[in-house]
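J.: Sharing a structure here in structure tokens format.
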Amino acid sequence: MPELPEVETIARSLRNAAGLDFATWQGLNARPGIVGRTIYSATVNWSRSIATPEIEVFRQQISGQVVQGVNRRGKFLVLQLDRDWLLIHLRMSGDVRVEPADSGLVQPHDRVILDFQDGTRLVFNDPRKFGRLWLVSHPDEVLSGLGPEPLAVELTPATFYAMLHARKTPVKPLLMDQRFICGLGNIYTDEALHQAQIHPLQKAHTLSHEESERLLSTIRDVLREGIQRNGASIDWVYRGGDFQNFFRVYQRTGKPCLRCGTAIERIVVGQRGTHFCPLCQVIH
DNA sequence: CATCAACCCTGAGAGC
DNA sequence: TGCTCTCAGGGTTGAT
-11 MPELPEVETI
-1 ARSLRNAAGL
9 DFATWQGLNA
19 RPGIVGRTIY
29 SATVNWSRSI
39 ATPEIEVFRQ
49 QISGQVVQGV
59 NRRGKFLVLQ
69 LDRDWLLIHL
79 RMSGDVRVEP
89 ADSGLVQPHD
99 RVILDFQDGT
109 RLVFNDPRKF
119 GRLWLVSHPD
129 EVLSGLGPEP
139 LAVELTPATF
149 YAMLHARKTP
159 VKPLLMDQRF
169 ICGLGNIYTD
179 EALHQAQIHP
189 LQKAHTLSHE
199 ESERLLSTIR
209 DVLREGIQRN
219 GASIDWVYRG
229 GDFQNFFRVY
239 QRTGKPCLRC
249 GTAIERIVVG
259 QRGTHFCPLC
269 QVIH
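The numbers in the first sequence follow this note's numbering, run straight up by one, and end at 272.
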């Protein structure tokens, strides 16, 4: 499930040098970037993968534009083109590949293919069809509602405390609300709360200064660790990362807490499976 | 603002 | 073995 670290990993790979040939990249166990490549044409196999504009407009408008840069905002991939911006949200099961156009086959679940003039292509693959692409003249059309980036230095402990203090909702759903803070999903939220020793149902405004500061710190720790390990690869969606081998609570129901040994519990919070240690994480 | 449910889908796993 | 059924899973949106 691509969250901030997975999307950041993909964004970085798309910024790799575009010049080397594919055999060289395979030898490095990495992928070539796409910055500088010119989009020749677009193929849309599942029309609802394109959020905006209409398919024909999308295909015409994107053709001929050069990829100028690749960045990340929250869980969005942000591709700057000549005139427009291409935003990609992978949702639960989306992924992108860069490959020679003649590597042949359309794989199962390939939804959108951008063919480049140099004979390579970018493929958006998404088994569950939840992911979306937007082609817009300004990224704010899609991104304006997002909360602050958790890793940004502008987000100070004092600011974060004030944000939490203004909300009476349970802390876990709040952390997953992209308007409150962006980039966190189910995995990294559970991991950060466990490390901060905060119960997922604790009301946000009841967190102390110390707890709030600790939470911001552990959020950043787990995100940085995720990025360092190239993200997590779970279910059948393989993305090349290995953070899944270092989860402390996520999908460890019944297994011992790595801090105190108590069995990890699973409850449902905001319709999401939630993992926590009943001894280390107590509501107060 | 808070809370809850529906929705978008596929594939895994259970039951028969 | 193969069929049908149920539901997990994350994020967004809309209703209340």
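C-beta atoms are modelled at their ideal positions from N, C-alpha and C, and glycine is treated no differently.
Could you please give the first and the last residue of the uninterrupted beta strand (DSSP E) stretch that includes ILE38?
T.: That run of the beta strand (DSSP E) goes 38 to 40.
J.: Based on Cα-Cα distance, which residue from TYR238, LEU189, PRO244, LEU211 lies nearest to VAL270?
T.: With distances taken between Cα atoms, VAL270 lies closest to LEU189.
J.: For ALA146, collect the residues of the same chain with a Cβ closer than 8 angstroms to its Cβ; drop the 5 residues on either side in sequence, then sort them by chain order.
T.: Closer than 8 angstroms at the Cβ level, and outside the excluded window around ALA146, lies no residue.
J.: On a CA-only basis, which of ALA192, GLU(-4), ALA184 is nearest SER205? Give me that one, please.
T.: When only C-alpha atoms are compared, the closest one is ALA184.
J.: Which residues in the same chain have their Cβ closer than 7 angstroms to the Cβ of GLY133, if we skip the five residues on either side of it in sequence?
T.: The answer, listed in chain order, is ARG167.
J.: Counting along the chain, where does the beta strand (DSSP E) carrying ASN59 start and finish?
T.: From DSSP, the beta strand (DSSP E) with ASN59 extends over 57 to 61.
J.: In this structure, how does DSSP classify GLU253 when only helix, strand and coil are distinguished?
T.: Looking at GLU253 - three-state DSSP - the assignment turns out to be strand.
J.: Taking all protein chains shown into account, do 16 or more other C-beta atoms lie within 10 angstroms of the C-beta of ARG212, making it buried, or fewer, making it exposed?
T.: So ARG212 ends up on the exposed side.
J.: Just checking my contact of LEU162 with ALA140 at CB under 8 angstroms: how many whole Å lie between their CB atoms?
T.: About 18 angstroms separates the two Cβ atoms, so there is no contact after all.
J.: Sort out for me which residues DSSP pairs ILE101 with in a bridge.
T.: Bridge partners of ILE101: THR31, VAL111.
J.: Among VAL257, ARG240, CYS245, PRO136, whose alpha-carbon lies nearest the alpha-carbon of ARG208?
T.: Measuring from the Cα of ARG208, the nearest candidate turns out to be PRO136.
J.: To the nearest angstrom, how far is it from the Cα of VAL32 to the Cα of ARG85?
T.: Taking the straight line joining both Cα atoms gives about 15 angstroms.
J.: How about ILE186 and GLU(-9): are their beta carbons less than 8 angstroms apart?
T.: Contact: no.
J.: Let me know the secondary structure DSSP gives VAL159 once reduced to three states.
T.: DSSP places VAL159 in helix when its eight states are reduced to three.
J.: I think GLU(-6) touches ALA220, with their Cβ atoms under 8 angstroms apart; what is that distance to the nearest whole Å?
T.: Confirmed, Cβ separation roughly 7 angstroms.
J.: Going straight from the alpha carbon of VAL124 to that of GLN68, what length do you get?
T.: Straight-line Cα distance between these residues: approximately 10 angstroms.
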